[in-house]
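A.B. asks: Residue numbers (this note's numbering): 242 to 425. Here it is, the structure, as structure tokens.
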């Protein structure tokens, strides 16, 4: 198995990795009753580590896994909940260069997302079903993407141990039947 994120070679923009992907920064969750998510995440060992300075958005963390709870009225996430019910309306990918990854995705046919209602002020595209896919290049030794828009609830950029989850190894982004060619 491996390489695991902690021992993987540094990501690079190459012919085999043209967007320069380097793992996941976060999965965003939204629910008509956000306290339901907070209770669930706490039971799973996640800890609230940061809150957005102006929006009802909280970063929950365990190890190197970030879950975002978005309860901001009128946000993309809450509108997505109105249409789909409790869900994961977005995810963020760590990349070598966020603007390069965004430009590459758009060049390959992705639709840019230009709304003012994003979770973070970083490049994003429209994903399957109207979800959002963010590109983040500020992580690890380069600092934290949360520093500018969030207040830490204690120590800066902590890595709570929780119950032992350390990183996300994969996510599934399901396509509607008959639409695989559009996303391939």
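Glycine included, C-beta positions come from ideal geometry on N, C-alpha and C.
#1: Under the three-state reduction of DSSP, which class applies to residue 381: helix, strand or coil?
#2: Name the DSSP bridge partner or partners of residue 293?
#3: So is residue 415 buried or exposed if we call it buried at 16+ other beta carbons inside 10 Å?
#4: Which one of 318, 262 and 288 has the shortest CA to CA distance from residue 272?
#5: Locate the beta strand (DSSP E) running through residue 313, then write down its first and last residues.
#6: Please return the same chain residues whose Cβ sits closer than 6 angstroms to the Cβ of residue 316, not counting the five positions on each side in sequence.
#7: Is it right to say residue 295 is buried, meaning 16 or more other beta carbons lie within 10 angstroms of its own, or is it exposed?
#8: Following the continuous beta strand (DSSP E) through residue 240, name the residue where it begins and the one where it ends.
#9: Pull up the DSSP beta-bridge partners for residue 258, would you.
#10: With a cut-off of 8 angstroms on the beta carbons, I'd call residue 261 and residue 402 a contact; round off their distance for me.
#11: On the premise that residue 300 lies in contact with residue 306, defined as a C-beta separation below 8 angstroms, what is that separation, rounded to the nearest angstrom?
#12: Within 10 angstroms of its Cβ, does residue 302 collect 16 or more other Cβ (buried), or is it exposed?
#13: According to DSSP, residue 366 sits in a beta bridge with which residue or residues?
#14: Could you please give the first and the last residue of the uninterrupted beta strand (DSSP E) stretch that includes residue 299?
#15: Sorted by chain position, which residues of the same chain lie with C-beta nearer than 8 angstroms to residue 288's C-beta, five sequence neighbours on each side aside?
#16: Is the segment 375-387 touching the segment 406-420, taking contact as three or more C-beta pairs under 8 angstroms?
#17: What did DSSP end up calling residue 418 once you bin it into helix, strand or coil?
C.D. replies: Considering the structure as presented:
#1: helix
#2: 391
#3: exposed
#4: 318
#5: First-last for residue 313: undefined, no H or E at that position.
#6: 358
#7: exposed
#8: Nothing about residue 240 can be read from this structure; the chain reaches only from 242 to 425.
#9: 255
#10: Going by Cβ atoms, the distance from residue 261 to residue 402 rounds to 30 angstroms, so no, they are not a contact pair.
#11: Rounded, the Cβ-Cβ distance is 11 angstroms, inconsistent with contact.
#12: buried
#13: 353 and 374
#14: 298-303
#15: 301, 302, 303, 399, 401 and 403
#16: no
#17: coil
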